[in-house]
Every structure is written in structure tokens, then in C-alpha cells.
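Scroll down for the structure; my scribbles are underneath it.
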Amino acid sequence: MELEVTWGRAIRVWWAYVWRNIIAIIVAMLIGAVLGAILGAIMGALHVPLETIKIIVTPIGVILGFAISIVPIKLILGKDFGEFRLVLIKK
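Per the numbering used here, the very first residue in the sequence shown carries number 237; after that it's consecutive.
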């Protein structure tokens with residue numbers, strides 16, 4: 237049975253997404269910092285110019301961020317919210 241979309245229900249789904257997304261962002265930042273430091277150290281040791289390092293490392297961080305951003309969505313799909321569950325239904 238389809239339920240009415242209310243502000244209360246929307247906020248519950250939003251909050252379920254937001255707090256998971258904050259954790260995903262922190263994880264992505266930590267992974268990005270470690271990978272960036274490793275790549276930066278290696279390229280710095282090879283005397284690669286700083287601008288080139290930035291050009292290489294920045295897109296890697298963006299890709300990592302996009303890849304991790306799907307995790308919170310996947311986690312809330314199928315989640316039980318008490319009076320309803322967030323699911324995908326074939327059209």
C-alpha cells in the first residue's frame with residue numbers, strides 16, 4: 237500500500253541518508269588523505285612538479301568521493317522506518 241509523502245516521513249528518510257553520508261564523507265576524506273599523501277610522497281621523491289601532482293591527485297579524490305557517495309543510498313534502500321520501508325518497486 238502506498239503511503240502519503242509527508243514532511244515527517246521525508247525528514248526521517250533525509251536524516252537516515254544525511255548521517256550515513258557524513259560518515260561516508262569522513263571515510264572518503266581519510267582514504268583520500270592517505271592516498272594523496274602516498275602518491276604525493278612518491279611523486280615528490282621523483283621530483284614531479286607540485287602542479288602536476290595536484291592535476292593527478294585531484295581527479296582521483298573526486299572519483300573516490302563519487303564512488304563512496306553511493307554507499308549511503310544503498311544502505312537506506314530497504315531500510316525499515318517503523319511505519320514504512322524504503323523500497324524500489326518495478327513500474
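Positions of the beta carbon are idealized from the N, C-alpha and C atoms, including for glycine. Keep in mind it's a predicted model, so treat the numbers as computed, not measured.
Separation of residue j from residue i, as counted between CA atoms
{"i": "L266", "j": "M237", "result": "42 Å"}
{"i": "V293", "j": "E319", "result": "45 Å"}
Cβ-Cβ distance between residue i and residue j below 8 Å
{"i": "R321", "j": "K315", "result": "yes"}
{"i": "V249", "j": "I304", "result": "no"}
{"i": "L311", "j": "L324", "result": "no"}
Nearest to residue i (by Cα), restricted to the options the options
{"i": "I291", "options": "G276, G301, F302", "result": "G276"}
{"i": "I306", "options": "G244, T242, A260", "result": "A260"}
Residue i, buried or exposed, once every other Cβ within 10 Å from all chains shown has been counted against 16
{"i": "P308", "result": "buried"}
{"i": "A246", "result": "exposed"}
{"i": "A281", "result": "exposed"}
Determine, using beta-carbon pairs with one atom in the segment 248-257 and one in the segment 281-301, whether at least three such pairs fall under 8 Å. Contact check between the segment 248-257 and the segment 281-301: fewer than three CB pairs, one atom from each, fall below 8 Å, which does not count as touching.
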